[in-house]
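Just so you know, the protein sequences line up as chains V and G, in that order. For the first sequence, my numbering assigns the number 514 to the initial residue and increments by one for each residue that follows. For the second sequence, my numbering assigns the number 514 to the initial residue and increments by one for each residue that follows. Beta carbons: idealized from backbone N, C-alpha and C, even for Gly.
Number of protein chains: 2
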Amino acid sequence: MIGFSILAKTKRILKWQRDPEGMRLRILEAAKQEFAAHGIAGARVDRIAAKAGANKRMLYYHVGKKDELYLAVLEGAYEKIRVEERSLDLEHLDPPKAIARLIDFTWNYFIRNPEFLALLNTENMARARYLKRSTKVKSMHSPFVEMISTVVKRGVESGDFVVNVDPIQLYISIAALCFFYLSNSATLSVIFGRDLLSEDARDERLEHMIALVLAALTGKSMAVFGKQKAPKLRVAAHSGVG
Amino acid sequence: MIGFSILAKTKRILKWQRDPEGMRLRILEAAKQEFAAHGIAGARVDRIAAKAGANKRMLYYHVGKKDELYLAVLEGAYEKIRVEERSLDLEHLDPPKAIARLIDFTWNYFIRNPEFLALLNTENMARARYLKRSTKVKSMHSPFVEMISTVVKRGVESGDFVVNVDPIQLYISIAALCFFYLSNSATLSVIFGRDLLSEDARDERLEHMIALVLAALTGKSMAVFGKQKAPKLRVAAHSGVG
DNA sequence: ACAGTATTTATCCAACGGGTTAATTAATAC
DNA sequence: GTATTAATTAACCCGTTGGATAAATACTGT
Numbered sequence: 514m515i516g517f518s519i520l521a522k523t524k525r526i527l528k529w530q531r532d533p534e535g536m537r538l539r540i541l542e543a544a545k546q547e548f549a550a551h552g553i554a555g556a557r558v559d560r561i562a563a564k565a566g567a568n569k570r571m572l573y574y575h576v577g578k579k580d581e582l583y584l585a586v587l588e589g590a591y592e593k594i595r596v597e598e599r600s601l602d603l604e605h606l607d608p609p610k611a612i613a614r615l616i617d618f619t620w621n622y623f624i625r626n627p628e629f630l631a632l633l634n635t636e637n638m639a640r641a642r643y644l645k646r647s648t649k650v651k652s653m654h655s656p657f658v659e660m661i662s663t664v665v666k667r668g669v670e671s672g673d674f675v676v677n678v679d680p681i682q683l684y685i686s687i688a689a690l691c692f693f694y695l696s697n698s699a700t701l702s703v704i705f706g707r708d709l710l711s712e713d714a715r716d717e718r719l720e721h722m723i724a725l726v727l728a729a730l731t732g733k734s735m736a737v738f739g740k741q742k743a744p745k746l747r748v749a750a751h752s753g754v755g
Numbered sequence: 514m515i516g517f518s519i520l521a522k523t524k525r526i527l528k529w530q531r532d533p534e535g536m537r538l539r540i541l542e543a544a545k546q547e548f549a550a551h552g553i554a555g556a557r558v559d560r561i562a563a564k565a566g567a568n569k570r571m572l573y574y575h576v577g578k579k580d581e582l583y584l585a586v587l588e589g590a591y592e593k594i595r596v597e598e599r600s601l602d603l604e605h606l607d608p609p610k611a612i613a614r615l616i617d618f619t620w621n622y623f624i625r626n627p628e629f630l631a632l633l634n635t636e637n638m639a640r641a642r643y644l645k646r647s648t649k650v651k652s653m654h655s656p657f658v659e660m661i662s663t664v665v666k667r668g669v670e671s672g673d674f675v676v677n678v679d680p681i682q683l684y685i686s687i688a689a690l691c692f693f694y695l696s697n698s699a700t701l702s703v704i705f706g707r708d709l710l711s712e713d714a715r716d717e718r719l720e721h722m723i724a725l726v727l728a729a730l731t732g733k734s735m736a737v738f739g740k741q742k743a744p745k746l747r748v749a750a751h752s753g754v755g
């Protein structure tokens, strides 16, 4: 690496330095951006190299060919979200708050990691061909299903929840509400003729989703939902805003 | 066109016939399949030609270059769903039934037209670059927002609905619940280790979605939702099953 | 200081893929 | 029947792109 665009005469200074781990990380990061932005077929190996400040040969040396690069990126993406998911503690919250927090986390994670959405879409267009091949990802179970399961159980027992929903269905539904809105915001914004990613629009959406799910679970709906803008009920957004 | 793989000696029979309109349709259909399966960058012009039983030159003659081919496909896809949407009559149904029917339609349309989902994903990966360019699509408004608006109004007046939800948010949420499940079924199936597209799984999902939304709107949730399999409540599936 | 290895650079190339050009043939009009 | 136009075929062009090969340079241990 080391992009000395300024020519330094001294041989000593011109010389590049070694940094295998750093290089590998930069390559994977660049690849993530590239695959997320262009999909597998649209991704360009040369662009990845350029973005990583590396020579193209480095990709093959440190990771592998295009396929393998993509798989590494995909696995990294799953790894990352699983780690963050595990850090979410819903046990000590009362059931409605726990669900709200779950939605809030999912929403903000997606907002903070738009490449993750793109990668999932790409992988689904490939009919999960790479995911199937990856024992690594298959072994990384999301803790959310289990978390939801216990929260729902507690909610039913305490009388907070009036229904006994299948945790997997609920998990998918929450992901769906967040994912679709963000993943399809480009086309939806055109169709509706307004910016769905503005701060206000996003706040409104989060409110709507929480109200919708909680209303369904508790039976007690807050009179009007999704329309007005109440004071932000930021339910413990996660650390970084990256 | 006319793929005589069998060699017919007679000159008369060997000769190709003209069929501009048919050719154009076959090209667009082939292109739809190709773009849906591989995205824009992954699509191969030669494959489209082959699938259409045409010469590559025909694509350029009848439609245009790759870009234009894609845009034509996208516009066709929107046109098609808008037409079907308009054929849906929710006016004479009582509000809960109307919402259920709306969900049912959306769900089944997506199942019958998987390419539509793929095209939308592709277009969103392109940040709606083509949609923005298309005055055609932008002029084709979905009647659903208006329909939902009146249904919700009626529901609130009749007392069926206890909340006054923003119709656009509800529209997006319903689309989200259906879209995400189907669009991401490949990866979700791997993650959960079971086939989410089996007949049973699909029925279960439809039930869950309807129960979820209606519970939120009416405040009256059916005791257990999403878990058991009640007798199919097929709410007037649309004609073809694609 | 030097040998050996790990990392990085500098070129190269064969296949692919989108798009074009020119020739051929069917329908249509006269 | 013949000229004209519309549709279709066949062949080619050329920039792009993934991947490979070989050479150079920085570290490491001795």
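Please return the same chain residues whose Cβ sits closer than 6 Å to the Cβ of residue i, not counting the five positions on each side in sequence.
i, result
"G:Leu719", "Trp620"
"V:Asn677", "Val669"
"V:Ala611", "Leu603 and Val664"
Please list, in chain order, all residues of the same chain as residue i whose beta carbon is under 7 Å from its beta carbon, the five residues on each side excluded.
i, result
"G:Pro608", "Val664, Arg667, Gly668, Ser671, Asp673 and Phe674"
"G:Ser696", "Leu630 and Asn634"
"G:Ala714", "Asp708"
"V:Thr731", "Pro609, Asp673, Phe674 and Val675"
"V:Tyr591", "Val650 and Met653"
"G:Lys569", "Val558, Asp559 and Ala562"
Within the 9 Å Cβ cut-off, does residue i reach chain V?
i, result
"G:Val726", "yes"
"G:His721", "yes"
"G:Asn621", "no"
"G:Phe693", "yes"
"G:Asp679", "yes"
"G:Ser711", "no"
"G:Val782", "Nothing about residue 782 of chain G can be read from this structure; chain G reaches only from 514 to 755."
"G:Ser518", "Unreliable positioning characterises G:Ser518 in this predicted model, as indicated by a pLDDT of 32, which lies under 50. A coordinate reading is not provided."
"G:Ala611", "no"
"G:Val748", "Confidence in G:Val748 is poor, its pLDDT being 46 and thus under 50, which makes the residue's placement unreliable; the coordinate value appears in the next sentence. No, G:Val748 does not count as interfacial toward chain V."
Identify which residue in the options has its Cα closest to the Cα of residue i.
i, options, result
"G:Asp691", "G:Asp708, G:Lys569, G:His721 and G:Leu727", "Looking at the sequence shown, residue 691 of chain G is not Asp but Cys. The candidate whose alpha carbon is nearest that of G:Cys691 is G:His721."
"G:Pro656", "G:Ile612, G:Glu636 and G:Val596", "G:Val596"
"G:Gly706", "V:Thr648, V:Leu683, V:Leu725 and V:Ser662", "V:Thr648"
"G:Ala549", "G:Leu572, G:Glu581, G:Thr700 and G:Asn626", "G:Asn626"
"V:Lys579", "V:Gly732, V:Lys645, V:Ala554 and V:Glu628", "V:Ala554"
"V:Leu644", "G:Val586, G:Thr700 and G:Val576", "G:Thr700"
Is residue i close to chain G? Criterion is C-beta to C-beta, closer than 9 Å.
i, result
"V:Met536", "no"
"V:His605", "no"
"V:Asn637", "yes"
"V:Ser696", "yes"
"V:Ser704", "This sequence places Ile at residue 704 of chain V; Ser is not what is there. Yes, V:Ile704 lies at the interface with chain G (some Cβ there is under 9 Å from its Cβ)."
"V:His563", "The sequence shown places Ala at residue 563 of chain V, rather than the His named in the question. Not an interface residue."
"V:Ile661", "no"
"V:Ala743", "Low local confidence applies: a pLDDT of 47 at V:Ala743 is under 50, so the model's placement there is unreliable, with the coordinate-based value given in what follows. Chain G, which has no Cβ nearer than 9 Å to the Cβ of V:Ala743, makes this no."
"V:Gln682", "yes"
"V:Asn626", "no"
Under the three-state reduction of DSSP, which class applies to residue i: helix, strand or coil?
i, result
"V:Gly535", "helix"
"G:Asp602", "coil"
"V:Gln530", "coil"
"G:His551", "helix"
"G:Lys666", "helix"
"V:His575", "helix"
"G:Lys733", "coil"
"G:Val675", "coil"
"G:His721", "helix"
"G:Ala611", "helix"
"V:Met638", "helix"
Please list, in chain order, all residues of the same chain as residue i whose beta carbon is under 8 Å from its beta carbon, the five residues on each side excluded.
i, result
"G:Val658", "Pro680, Ile681 and Tyr684"
"V:Gly589", "Leu541 and Lys545"
"G:Ala688", "Thr619"
Is any heavy atom of the ligand NAD found at a distance shorter than 8 Å from the C-beta of residue i?
i, result
"G:Lys610", "With respect to the ligand NAD, the structure shown offers nothing to examine, as it has no ligands at all."
Quiz item: For the 8 Å Cβ check, are there 3 or more pairs between the segment 595 to 604 of chain G and the segment 563 to 575 of chain G?
Solution: No: the two stretches stay apart, fewer than three of their Cβ pairs being nearer than 8 Å.
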